[in-house]
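Take a look at the structure set out below.
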Amino acid sequence: MLANHESKLAPFREDNITGFHVGFLAILGSSGIVISCSETIARLNCFITGLCEHQVHRFRSKLLKAPDTNDPLLMISLWLEVFTDTRIRRCNYRKMELERIQLKTGMHSTIEEMRLKNQPIDIDSLTNPASNLFKIYNFVNQRDSLVNINHAAASRQLAELSLHDSSLIRSISLNSNKVALLTRKDSTDMRAIAAVTLAFLPPTFIAVSALPSYRASTDHGQTIFSTSFFNFQPSNDGKIISHWIWLYAAIATTLTAFFLAGWYVSSRRSQRAVQRAFDVQTPDTSGLYELP
């Protein structure tokens with residue numbers, strides 16, 4: 093690893109390293125090496141790595157055999173070579189040890205090999221091609237049967253969904269019929285109210301003014317016949333009903349009939365317009381199959 097080395101480079105003795113310049117290999121001990129880059133400064137960036145005893149001997153022998161000792165990358169390359177060689181040897185040793193243990197315990201066979209060993213061999217099926225064809229035919233029939241079963245299950249599920257949808261559609265149609273009946277009832281009630289209103293509106297509009305004793309309470313509004321242009325008051329001979337009452341009845345009846353006829357014609361026109369719009373929006377189902 094990369095670390096800061098505070099001490100100066102240790103000088104090498106001739107009995108340890110011969111023929112090498114100080115400044116590249118700082119320390120070569122029995123358990124590791126320190127590789128430096130310079131000898132002139134106190135704070136040095138060094139590679140400090142731990143080695144086994146046999147790795148130190150290999151590193152020492154390779155260092156003594158190196159042709160160029162002044163190369164700064166010599167120490168690093170030698171260390172990488174020794175370290176890689178050692179790792180390869182250890183991996184091979186572990187692999188051989190594992191194979192030895194497998195052979196000793198009988199676990200060297202793989203699962204596929206054990207299946208092949210334990211699988212019985214039918215000699216008749218190998219010597220008789222007809223039996224093989226028959227087995228293949230049975231296998232195909234079984235697959236077809238399975239496909240048919242799955243298809244039947246899917247068809248049954250589809251039929252159940254269709255039945256559920258038809259039930260929902262039927263409930264929706266029943267609710268629509270109820271809404272239509274309620275709407276028709278409301279329409280009938282509104283038509284009755286409109287008819288009663290049209291029947292009472294014209295006579296009320298042209299009503300005669302009240303008697304003199306009741307005029308004080310009805311002076312806030314006047315009708316057509318209650319104006320000063322008409323006089324429906326009885327004469328002095330004691331008659332309560334005026335002889336002009338027929339005019340009131342004739343005009344009231346005529347106006348009532350006129351308004352009712354106009355309302356009827358307008359209602360029929362609106363119904364025809366709605367029917368034409370419904371006929372345009374309804375698709376043509378003449379070519380479809382009609383259920384019995």
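Quick note: the sequence shown uses this note's numbering, first residue 93, plus one each step. The beta-carbon is built from N, C-alpha and C at its ideal position, and this holds for glycine as well.
By the C-beta criterion, the stretch 343 to 350 is judged not to be in contact with the stretch 276 to 289, since fewer than 3 inter-stretch pairs fall below 8 Å.
Cβ neighbours of residue 360 within its own chain (closer than 7 Å, five residues either side excluded): none. DSSP, reduced to helix, strand and coil, places residue 187 within a helical segment of the structure shown. Here residue 293 is not near residue 352, since their CB atoms are 7 Å or more apart. In the assembly as shown, residue 170 is a buried residue. Its beta-carbon has 16 or more other beta-carbons within 10 Å. With contacts defined by Cβ atoms closer than 7 Å, residue 174 and residue 150 form a contacting pair.
Apart from the 5 residues on each side of it in sequence, residue 266 has no Cβ closer than 7 Å to any other Cβ in its chain.
The C-alpha of residue 191 is placed about 45 Å away from the C-alpha of residue 226. Note on geometry: alpha-carbon atoms of residue 230 and residue 238 lie some 12 Å from one another. Distance check between residue 363 and each of 172, 336, 337, 279 places 279 closest, using alpha-carbon atoms only.
Take residue 154, set aside five residues on each side of it, and the residues of its chain with a beta-carbon closer than 8 Å to its own are 170, 173, 174, in chain order. Beyond the five residues adjoining it in sequence on each side, residue 368 comes within less than 8 Å, by CB distance, of no other residue in the same chain.
Rounded to the nearest angstrom, the gap between the Cα atoms of residue 260 and residue 295 is 53 Å. Residue 336 sits in coil when the DSSP states are folded into three classes, being neither helix nor strand. Put simply, the backbone Cα of residue 277 is about 23 Å away from that of residue 354. Per DSSP, reduced to three states, the secondary structure at residue 157 is coil, with no helix or strand assignment. Residue 287 sits in a helix when the DSSP states are folded into three classes.
When secondary structure is reduced to three states using DSSP, residue 298 falls in the coil class, being assigned neither helix nor strand.
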